[in-house]
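Each number in the working numbering comes from the position in the sequence shown (counting from 1) with 17 added on. Every residue, glycine too, gets a C-beta built ideally from N, C-alpha and C. Below is one structure, written out as structure tokens; comments come after it.
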Amino acid sequence: VIAGVFIGALQGRWAAGLLLALGALLGDLLGSFLKRRMGIERGGAALGLDQLGFVLIAVLFVLPVEVASLEIFLVLLLITPLIHLATNFVGYKLGFKDRPY
18 VIAGVFIGAL QGRWAAGLLL ALGALLGDLL GSFLKRRMGI ERGGAALGLD
68 QLGFVLIAVL FVLPVEVASL EIFLVLLLIT PLIHLATNFV GYKLGFKDRP
118 Y
């Protein structure tokens, strides 16, 4: 959250940075909650929910102060899962993660 506010402040949009960071955290918490309700153990995979839940909630949180274009939103939906999966795989290969997802 601190990094989000800092980067947002550097860009002259501290409120957007704060709301994006808080929304991403809440989205991640919500995803974890839903996974437990579906019987998925801690650290288990839920394709789609793991990669996009935090982005969707972050975008909803920032809407009151900043509206992204449809193109930016679609690019986020496209590249976020790819980056998420790639960085998790690299973390797994480097021994930082127990699972490659």
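- Following the DSSP letters along the chain, one finds V18 in no alpha helix (DSSP H), marked with neither H nor E.
- The Cβ atoms of L36 and V84 do not sit closer than 8 Å to each other.
- For the pair G44 and A75, the CB atoms are nearer than the 8 Å cut-off.
- Contact between V79 and T97 does not hold, since their C-beta atoms are separated by about 15 Å, which reaches or exceeds 8 Å.
- A distance below 8 Å separates the beta carbons of V18 and A38.
- Spatial neighbours of G25 in its own chain (CB-CB distance under 6 Å, excluding positions within 5 residues in sequence) are listed in chain order as W31, A33, G34.
- The continuous alpha helix (DSSP H) containing Y109 extends over residues 87 to 110.
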